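**Student:** For the sequence shown, the tail end lands on 351 under this note's numbering, and the numbers increase by one without skipping.
Each residue gets a CB set at the ideal place from its N, CA and C atoms; glycine is no exception.
Predicted model, so just to flag it, every value in this text is computed and none were measured.
Input: one structure, supplied below.
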Amino acid sequence: MNWRLLDNNPLDSADHMALDEVLLASRSAGECRNTLRFLQFSPRCALLGLHQAVELEIDEDYCRKQSIEINRRITGGGAIFWGPSELGWEIYAGKDWLAGRNIDEVYKLLCDVMVKALADLGVKAMFRPRNDIQVGNRKICGTGGAELDNAFVFQCSLLIDFDVKSMVKVLKIPMEKISDKNMSAVEDRVTWLKRELGQVPDMSKIKEAICAAFASVMDIQFIQAELNSWEEALFREKRIYFHSPEWIYKVRLPSEAGEIKEACLKTPGGLIRVVAKTELKARVLKSVLISGDFFTHNPSVIYELEACLKDCPLEGDKIEEIIRSFFKAYPDQIPGVSAQDVESCVRRALR
Numbered sequence: 001m002n003w004r005l006l007d008n009n010p011l012d013s014a015d016h017m018a019l020d021e022v023l024l025a026s027r028s029a030g031e032c033r034n035t036l037r038f039l040q041f042s043p044r045c046a047l048l049g050l051h052q053a054v055e056l057e058i059d060e061d062y063c064r065k066q067s068i069e070i071n072r073r074i075t076g077g078g079a080i081f082w083g084p085s086e087l088g089w090e091i092y093a094g095k096d097w098l099a100g101r102n103i104d105e106v107y108k109l110l111c112d113v114m115v116k117a118l119a120d121l122g123v124k125a126m127f128r129p130r131n132d133i134q135v136g137n138r139k140i141c142g143t144g145g146a147e148l149d150n151a152f153v154f155q156c157s158l159l160i161d162f163d164v165k166s167m168v169k170v171l172k173i174p175m176e177k178i179s180d181k182n183m184s185a186v187e188d189r190v191t192w193l194k195r196e197l198g199q200v201p202d203m204s205k206i207k208e209a210i211c212a213a214f215a216s217v218m219d220i221q222f223i224q225a226e227l228n229s230w231e232e233a234l235f236r237e238k239r240i241y242f243h244s245p246e247w248i249y250k251v252r253l254p255s256e257a258g259e260i261k262e263a264c265l266k267t268p269g270g271l272i273r274v275v276a277k278t279e280l281k282a283r284v285l286k287s288v289l290i291s292g293d294f295f296t297h298n299p300s301v302i303y304e305l306e307a308c309l310k311d312c313p314l315e316g317d318k319i320e321e322i323i324r325s326f327f328k329a330y331p332d333q334i335p336g337v338s339a340q341d342v343e344s345c346v347r348r349a350l351r
């Protein structure tokens with residue numbers, strides 16, 4: 001199979017996020033063939049997951065002083081810090097390419113591609129469900145994805161010469177996540193190529209290893225190309241929005257009126273964070289913000305669940321009933337996270 005390869009020069013975070021939306025739309029509309037794209041960022045940036053609030057996840061003052069950009073992905077998951085040496089890759093493919101396999105099986109296969117590439121570079125890695133690639137007990141790659149009509153995007157980020165100290169200052173990392181598996185520090189949870197190899201491989205060699213792994217694992221070959229005219233036109237339109245506060249601050253904390261409480265819960269599918277705003281006199285849950293470091297096939301389902309919980313009575317089992325009905329209507333949309341997990345986290349916040 002011949003796929004298109006896009007290998008842009010380093011771009012700022014907003015342009016990269018705009019291209020994510022453009023390429024997913026292009027593949028869904030049949031305007032392009034299946035595509036692999038490499039990503040490098042300049043300047044440094046902090047990228048939120050689609051459902052996350054800047055105030056909860058990012059130290060804005062530090063980022064402002066250090067000229068670190070803040071932006072938001074079109075996919076879910078947790079906030080990540082990108083330095084100039086990190087490398088991302090993503091594929092945009094039609095769902096007809098799944099050939100009877102479900103999306104989880106394909107994501108596992110794509111993680112196997114990265115494991116093979118790392119092995120060829122001299123690093124023994126393994127896939128850790130649901131969406132991490134690790135060396136020993138340390139994460140070296142994170143993955144995620146989203147769908148749009150007839151197409152999907154799968155994303156992978158590889159740590160190469162990672163600046164852990166800056167990451168800790170940029171991201172507000174919940175203690176529940178740091179203490180997972182009895183790890184006492186963030187440095188014990190991640191690793192990077194330079195740490196494993198003692199040197200930084202040439203970027204072109206890393207990209208060649210990834211392309212070769214696609215050929216070996218999935219029999220895919222690549223032809224380097226550029227954006228087509230349809231994509232160029234849409235990119236010029238979209239990049240303005242992705243540079244705007246309207247996009248970056250798409251998710252905001254509830255206003256100060258009312259009681260605002262927060263809770264976190266570690267689940268097999270990742271960390272869940274709930275911010276709940278209540279009206280105690282009326283005894284209702286006015287609004288809820290559900291975010292965290294979990295994966296979802298359809299990011300919009302989180303917004304729908306939040307809408308269903310709006311103005312829900314605090315007494316009785318109405319909150320639990322809504323959450324259980326929602327998970328029944330949208331099964332398997334948040335792998336590793338159950339209705340009971342969300343119920344427990346909401347109730348923790350309300351307590």
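What's the call for I240, buried or exposed, on a 16-neighbour Cβ count within 10 Å?
**Tutor:** One-based indexing of the sequence shown puts residue 240 at position 240. When all chains shown are included, I240 counts as exposed.
**Student:** So what does DSSP say about L265, is it helix, strand or coil?
**Tutor:** Mapped onto the sequence shown, residue 265 falls at position 265. Note: L265 maps to strand in three-state DSSP.
**Student:** Could you tell me the distance, in whole angstroms, from the CA atom of N182 to the CA atom of V337?
**Tutor:** Here the question's residue 182 lines up with position 182 in the sequence shown. Here the question's residue 337 lines up with position 337 in the sequence shown. At N182 the pLDDT is 36, less than 50, meaning the model places this residue with poor confidence and gives no usable figure here.
**Student:** Per DSSP, what are the beta-bridge partners of N228 in this structure?
**Tutor:** For the purposes of this step, residue 228 is taken as the residue at position 228 of the sequence shown. N228 is not bridged to any residue.
**Student:** Indicate whether D104 and P335 have their beta-carbon atoms separated by less than 8 Å.
**Tutor:** By one-based count along the sequence shown, residue 104 stands at place 104. By one-based count along the sequence shown, residue 335 stands at place 335. Their beta carbons are under 8 Å apart, which means D104 touches P335 by this criterion.
**Student:** Go through its chain and collect everything with a Cβ distance to D163's Cβ below 6 Å, but skip five positions before and after it.
**Tutor:** Walking along the sequence shown from the start, residue 163 turns up at place 163. So the qualifying residues of the chain are G83.
**Student:** Mapping DSSP to helix, strand and coil, what is D161?
**Tutor:** The residue given as residue 161 occupies position 161 in the sequence shown. Looking at D161 - three-state DSSP - the assignment turns out to be coil, as it is neither helix nor strand.
**Student:** Determine, using beta-carbon pairs with one atom in the segment 83-95 and one in the segment 26-42, whether at least three such pairs fall under 8 Å.
**Tutor:** A contact exists between the segment 83-95 and the segment 26-42.
**Student:** Less than 7 Å between C-beta atoms, sequence neighbours within five positions excluded: which residues of the same chain meet that for K249?
**Tutor:** Here residue 249 corresponds to residue number 249 of the sequence shown, with the count starting at 1. The question names Lys, but residue 249 in the sequence shown is Tyr. Here the set comprises V54.
**Student:** For F152 and A282, I'd like the C-alpha separation in whole angstroms.
**Tutor:** For the purposes of this step, residue 152 is taken as residue 152 along the sequence shown, with counting starting at 1. For the purposes of this step, residue 282 is taken as residue 282 along the sequence shown, with counting starting at 1. Approximately 43 Å, taken between the alpha carbons.
**Student:** Please determine if the segment 108-119 and the segment 298-318 are in contact, where contact requires at least 3 C-beta pairs separated by less than 8 Å.
**Tutor:** The answer is no - the segment 298-318 does not touch the segment 108-119, with fewer than three Cβ pairs under 8 Å.
**Student:** Which class does E363 belong to by DSSP, given the choice of helix, strand or coil?
**Tutor:** Any property of residue 363 remains undetermined from this structure, which presents the chain solely from 1 to 351.
**Student:** In chain order, what residues of the same chain have a beta carbon less than 6 Å from the beta carbon of A117, not counting five sequence neighbours either side?
**Tutor:** Numbered from its first residue, the sequence shown carries residue 117 at position 117. Correct list, in chain order: A209, I210, A213.
**Student:** Do the CB positions of K140 and K194 come within less than 8 Å of each other?
**Tutor:** Here residue 140 corresponds to residue number 140 of the sequence shown, with the count starting at 1. Here residue 194 corresponds to residue number 194 of the sequence shown, with the count starting at 1. Per the sequence presented here, residue 140 reads as Ile, with Lys not at that position. For I140 and K194, no; Cβs fall outside 8 Å.
**Student:** Nearest-angstrom Cα distance between V22 and S229?
**Tutor:** Along the sequence shown, one-based indexing puts residue 22 at 22. Along the sequence shown, one-based indexing puts residue 229 at 229. V22 and S229: Cα-Cα distance of roughly 12 Å.
**Student:** Count the other CB atoms, across all protein chains shown, that sit within 10 Å of the CB of L197; report buried if there are 16 or more and exposed otherwise.
**Tutor:** Indexing the sequence shown from 1 puts residue 197 at position 197. Result: exposed.
**Student:** On the three-state DSSP scale, how would you describe D293?
**Tutor:** The count along the sequence shown starts at 1 and reaches residue 293 at position 293. It is a strand residue.
**Student:** Taking L289 as the reference, which of I260, D20, I133, A46 has the closest Cα?
**Tutor:** Within the sequence shown, the letter at position 289 stands for residue 289. Of the candidates I260, D20, I133, A46, the one whose C-alpha sits nearest the C-alpha of L289 is I260.
**Student:** Considering V275, what are the terminal residues of the beta strand (DSSP E) in which it resides?
**Tutor:** In the sequence shown, the residue the question calls residue 275 occupies position 275. Note, V275: beta strand (DSSP E), 270-279.
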